[in-house]
Structure formats: structure tokens, C-alpha cells
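These protein sequences, in sequence, are chains Y and L.
So the mapping is simple: our numbering equals the position in the first sequence, first residue as 1, plus 26.
So the mapping is simple: our numbering equals the position in the second sequence, first residue as 1, plus 475.
Report on the following structure.
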Amino acid sequence: MNYVIIGGSAAGVMACEAIRKRDEKAKITLVSDEKLPLYSRCLLTYLLAGQITEDKLTFRDPDFYKKNKIDAILGVRAKSIDVKKRAVKLSNGKSILYDKLLLATGANPKSIDIPGVDKEGFFTIRRIDDARGMIKLMDKVKRVVVLGGGLIGLRDAYALMHQGKKVSVIAKSSQVLSQMLDKEAADIIRDTLVANGIEVKTQAAAKEITGGKTVEGVLLDDGTKVDCQMVIVGKGVIADIALAKGSGIKTHWGFLVDEYMATNVKGIFAAGDCAETRDLASGEMTINGLWPCAVEQGGIAGANMTGEKIAYEGSLSMNSVEFFGLPAISMGITKPKTDDYETLVFENRNKNLYRKIVLKDNLICGAVFINGVESAGVINVLMRKRIDISGIKERLVDNNFSFATVMPLIKDNSDSFTAEEFLDTIKTYQ
Amino acid sequence: MPTKTSKKNKAAGKIKIFCDLRKCTGCKSCEIACAVEHSFSKDLVKALRESVPPTKRVRIRDSFGRAVRISCQHCEEAPCVAACMSGAMYKDPKTGATKHDKDKCVGCWMCIMVCPFGAIVRSIEDKQALKCDLCPDRDDYACVIACPTGALFAGTPEEFKRKAEKKL
């Protein structure tokens, strides 16, 4: 069998592993438009901050491709798919044939369309070359403007603060982290950022990037001008679905896949940031462009490409960050839009403690944790497995909540609930 | 009686630490032993005076009047390994243990976000995820040795299955 994987990040690499595990003789070819292999792009802001060096970026051993007998074609882009010939045309002029194809093309950063984005010092950060470009300019930069108050924007801001730069974050929304957190939690994060010297301006947008050849400032829509030598856009990503063109593969925001990670075209699968899957909390089709989702989807897609039939449970929007020692985790629906949801909140502003659980019909649909994050995973699994929590509802936001609190539920739902290795322990919980 | 496990067994793999909750009284001897084992001095009295207090990787918590041990279960399909974006969490191919590479961890807490047991703790000082590492510096397991009731057991899943199914 001849497998071709387009994309060399989490989903692509996990698929390679899954295929190789099941088929020692398979011919596996991986195509990636990046030259540096096996690096984790989530770590780029840590690199930017100077917290790690380039050699720490890899999430697999450097000899991974060789060891797994994978023909890795790096620095080459897949241009188009010929579904009839089962061939992928590459940017180097060559064409490769496949029996099974995985699209793990990832996503591209959203940019903005205002005058001045062509100046030196304007960046989006998604690839190693972006980070390298920023690091190269670092000595010339005193002040940075980050456009976007989302996770990427704030991580960029935090990284540059670490490098001793003055940082201003400009966010369109009325709060930071509007996709990830509710207003209350976001305000705790914002206060912490501000207290540590990051300037945060919400409900504002850039109108123009000023300067000559290089960036000299940003003009905001309220007329204020901020002097800076670097502008970073951190406004999220858009799935890279250019390959769909002319292939007949159905797309919406991303490649549409069924529960087996297969697209509508026979033999073609998709996984990771380019794949649109069912969201577990909302039930709607969406892209949860997250490392853990890409890992899971890539593994399942790889297995199913070899003929297995593993169904994907669905993806869950979730994220975890820490700024200045303040950890925050969120998952699922954090800002319910209708009133058929119930919310439980525990808050201690003095200790920057905040915990919120969003419920519907006694099922957990979402959660937010600021500090005291250690039991977040317990809530995660209750939500994922759709366990009725009516028996312990009032304890969910209790400061003493832990795995022990949910033991009775685990016992009652032991068939669907937990890792097999724990089943015998449950028997002794009497 | 507490079960001692030889080094040979440990290296052969598949050994995990289990807790027979029927025998656990919640005395927290395992917590103390774990903290001491993960201190610099590995000595109870000296450990108390260390500038960075040692962190225990096992916790005993109350579950409606019963004690429950919370610690890494070294899951075969480990969610923490799947969620780790730096490659710090990994499975030992020989022993099946879930291991953590300190040099690779950046403290993003993705592992905490997905651990169904809530068994991973944050080391605030050096931004590291901490969890049961099966006592790499010793031949046996500190918590198992310290357990006065024999609730903690180091052995294969099959061995524990037999114990769990046996009446007390």
C-alpha cells in the first residue's frame, strides 16, 4: 500500500506512526513545505521569548523519518490533487502517486489588510522562519505592538516582554482571550498582564502601519499613534484548504470529514488544523485547531487509512496558558449564549482564583479555571464522556474538588469512563 | 505486608503501583514518603528545611468518607502524552511507564488539562509538570514501602486484578 501524507506537524507525524505500527511494509511518503522537520510550532513563542533554543523545538527524535522508513520530502509544497490518477502534484515539478492520501496541511495565520503591512518589522508567527525573522530584528526593537488579544497575540506579547521589550496589545474585542474565556476570567488575566507591564487596549484596531521601509509606528482607529519598531498580528488562523481546488473534496472552513476522518473523496482523509470535525460541546461542525486534537485525529486517520474503523469521538475546544505564574485552562462553552445553561462559579479575587462550570441538563458543557487548575482534566473527562453530574453538582466548584469527588460517578459509569488500568482499583472502592 | 519489588522486576517493566482502596485508611504515609523521595536530601528532617520544599506526586483525598489515592496511573493510551506539544511526556517503550523529560517541558499545562485523574501537579519554581516517576533513584517504590496497611501494591496489572477480586 502506498500512503502519502501532506503536512509534517502533529497530525501528519501521528498518522505516519499509526500507519507504520500497523503496516511494516507500507510505502509512506510525507510532503511538508517546511525545511525544518519535526518541530512543534506551539513552542515558537517560547523560542521567541528565549526560554528555549531551536534544538528543543522538536517533538520527535531527529531520526524519526529514517527510523520509520518514511520518505520525507521537505521544503516542497503540494500544489494540486488529481483524484482520477490518484496523484499529488508538487511544487518541485514532480508528481507522486498514492493509494491513500492524508491532508494534514494545517493552517495559515490570519493577517490584516491595512496600509503598511509590507514594511520590515511586520510579522505573523506560525512558522520557524517567522520566529527566526523576528529574532534577527530583536536588537533594533524597543517597542512592539501586538494586534490581537487572543491566545496567540498574548503569547507573542508575553514572549517579547521576556525579551525586555515594551509591549502594547491592541484587541478589537471588549476583553482579551474572547474565544477562550468569559469576561470575568479574562479580566483577571488582563489585570495580571497590566500589573506586569504589558499595555492592553481593548475595543481598538489598527488603521495603518506607519514608517518608511521599516515599521515606525501604528495608527489606531481612534487617532492615537503608538511608536514601535515591530508589529505582530496574532489573530488566529485559517485552515489551509487550497488543495481542495479541482479535487471535489468538500470544504467549509476546513476539509469536511466524517467520524472516520475520511473526506467525501474515496481514499482521501484529513486531520488536524485543516479538518472540520464535530465539536463535542456544541455538537456543531467546527475546527478546533489544537495540538491535542491534531494528535488524536492524525492517529485515528492513520489507523483508518490502513483499513481499521476507529471512530473519532469529536473534538473539544480547550486551551491552557500561563502568564506571569498565573495559569488558566478553559474547555468547551465558556460563554453560553442562551439561558438554558446553568453556570456554577467559585471566585476569590484576592487569590486570583476563579472556577466556572457550565452545565446543561446536568451535563458539563464547559469550564474555566484560573489558578487551581490541577483538577481541570477530571472535569474534561466528565464533559467528554457526558457523565450526569447531578449527584455531585454542588461540589464541582468546591475548592477541594478532586478526582476523589467524582469516584462515585466513576464507579457507576466505569464501562465508559476511565482508563482500563484503573478498573480494578474501582472494584476496591466500596 | 508491604510488597518489596526487586530492581530486576522493575527493569523488566509492566510494574505499576496500585491501591486497594478497601485497605487505605488515608494516613498519608505515602504522601510523606513521596515528598521525601523527591527531595534533595531524601531525608525527612533535612527535607523539611530545604529552600524549595519537595513536591509529592501522590495525594490522598477524601471521597465521601473514604480515602482515594490520586496518582499517575501510567495509562496505556495516555492523554497527557497525546496532549504534550513539546514531546516532554512520553511512553517508555520497554516498561510502558509514562515518563516526563524535564529538559523538554515548558510548563504549558496541556497535560494537566487532559489528565482524567488530575494526577499531574505544577512545579511553580521551575515551570515543570510533576507526576509519579516510579522512583528512578531506588530499587523499590517509596510509597509502597511506606504504606502501613498494605493497601499500596507494586506489581503487574494481572497480579493486582487477582488481589482486587479477592475478598478481604
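Just so you know, even glycine gets a beta-carbon here, dropped at the ideal spot from N, CA and C.
Under three-state DSSP, which class holds residue i?
i        : result
Ala337/Y : coil
His188/Y : helix
Thr312/Y : strand
Gly630/L : strand
Met476/L : In this prediction, Met476/L has a pLDDT of 43, which is less than 50 and means its spatial position is unreliable; nothing more can be read from the coordinates.
Glu373/Y : strand
Thr454/Y : coil
Glu234/Y : strand
Cys42/Y  : helix
Asp608/L : coil
Cys586/L : helix
Ser546/L : coil
Lys92/Y  : helix
Lys483/L : With a pLDDT of only 48 at Lys483/L, under the threshold of 50, the placement of this residue in the model should not be trusted, and no figure is reported.
Ile418/Y : helix
Ile390/Y : strand
Tyr72/Y  : helix
Among the options, which one has its Cα closest to the Cα of residue i?
i        : options                                : result
Asn314/Y : Leu449/Y, Trp279/Y, Asp424/Y           : Trp279/Y
Ser442/Y : Ala393/Y, Leu352/Y, Glu339/Y           : Glu339/Y
Leu316/Y : Gly190/Y, Glu310/Y, Thr332/Y, Glu302/Y : Glu302/Y
Gly274/Y : Ser106/Y, Ala52/Y, Thr236/Y            : Ser106/Y
Val263/Y : Asp284/Y, Leu69/Y, Leu385/Y, Thr150/Y  : Thr150/Y
Asp97/Y  : Ala230/Y, Ile452/Y, Ile31/Y            : Ile31/Y
Asp365/Y : Val384/Y, Glu447/Y, Cys42/Y            : Val384/Y
Asn290/Y : Leu127/Y, Leu116/Y, Phe372/Y, Asp414/Y : Leu127/Y
Ser117/Y : Asn426/Y, Pro362/Y, Pro318/Y, Leu100/Y : Leu100/Y
Pro632/L : Pro591/L, Lys579/L, Thr500/L, Thr570/L : Thr570/L
Gly132/Y : Ala212/Y, Met433/Y, Glu60/Y            : Glu60/Y
Gly243/Y : Glu146/Y, Pro88/Y, Ile418/Y            : Glu146/Y
Arg375/Y : Ala211/Y, Lys437/Y, Asp284/Y           : Ala211/Y
Ser341/Y : Ala221/Y, Val283/Y, Asn378/Y, Phe372/Y : Val283/Y
Lys191/Y : Ala44/Y, Ile215/Y, Asp165/Y            : Asp165/Y
If you count every other CB in all the chains shown that lies within 10 Å of the CB of residue i, and 16 or more means buried, which is it?
i        : result
Ile595/L : buried
Ala626/L : buried
Asp299/Y : buried
Lys483/L : Note that Lys483/L scores 48 on pLDDT, short of 50, meaning its location in the model is unreliable; the coordinates nonetheless yield the value given after this. So Lys483/L counts as exposed.
Met476/L : Note that Met476/L has pLDDT 43, beneath the 50 cutoff, so the model's placement of it is unreliable and no number is given.
Asp23/Y  : Within the shown structure, residues of chain Y are numbered from 27 to 456, placing residue 23/Y beyond reach of any answer.
Arg86/Y  : buried
Can you pull the chain Y residues whose beta carbon is under 7 Å from the beta carbon of residue i, in chain order?
i        : result
Val596/L : Glu400
Gly593/L : Glu400, Ser401, Gly403, Val404, Ser428, Phe429
Gly582/L : Glu348
Ile599/L : Gly351
Arg532/L : Chain Y residues near Arg532/L: none, gap ~12 Å exceeds 7 Å.
Phe628/L : Chain Y residues near Phe628/L: none, gap ~10 Å exceeds 7 Å.
Cys590/L : Gly403
Suppose contacts are defined by Cβ-Cβ distances below 7 Å. Is residue i in contact with residue j by that definition?
i        : j        : result
Val2/Y   : Val170/Y : This structure cannot settle anything about residue 2/Y, because the visible part of chain Y is limited to 27 through 456.
Leu129/Y : Phe281/Y : yes
Met357/Y : Asn406/Y : yes
Gly260/Y : Asp155/Y : no
Ser401/Y : Gly593/L : yes
Leu219/Y : Glu234/Y : no
Ala37/Y  : Gly324/Y : yes
Lys386/Y : Tyr367/Y : yes
Thr55/Y  : Asp208/Y : no
Ser66/Y  : Met564/L : no
Val514/L : Glu525/L : Before going further, note that residue 514/L is Ser rather than Val in the sequence given. Result yes, Cβ atoms of Ser514/L and Glu525/L sit closer than 7 Å.
Counting only Cβ pairs nearer than 7 Å, list the residues of chain L close to residue i.
i        : result
Arg86/Y  : Gly562
Thr454/Y : Asp495, Leu496, Arg497, Ala639
Phe448/Y : Gln548
Anything in chain Y within Cβ reach of residue i, meaning under 9 Å, just list it in chain order.
i        : result
Ile587/L : Ser346, Pro353, Ile355, Val399, Glu400, Ser401, Ala402, Gly403
Asp567/L : Within chain Y, no residue comes near Asp567/L; the closest Cβ sits about 14 Å away, beyond 9 Å.
Arg541/L : Ala430, Met433, Tyr455, Gln456
Going along chain Y in order, which residues have a C-beta closer than 8 Å to the C-beta of residue i?
i        : result
Ala558/L : Trp317, Pro318, Val321
Pro632/L : Glu447, Asp450
Ser538/L : Ala430, Thr431, Met433, Pro434, Tyr455
Could you tell me which chain L residues have their CB closer than 9 Å to the CB of residue i, listed as they occur along the chain?
i       : result
Leu69/Y : Met560, Ser561, Val581, Cys583
Note down, in chain order, every chain L residue with its Cβ under 8 Å from the Cβ of residue i.
i        : result
Gln77/Y  : Val581
Ser442/Y : None at all; the shortest Cβ gap to chain L is about 12 Å.
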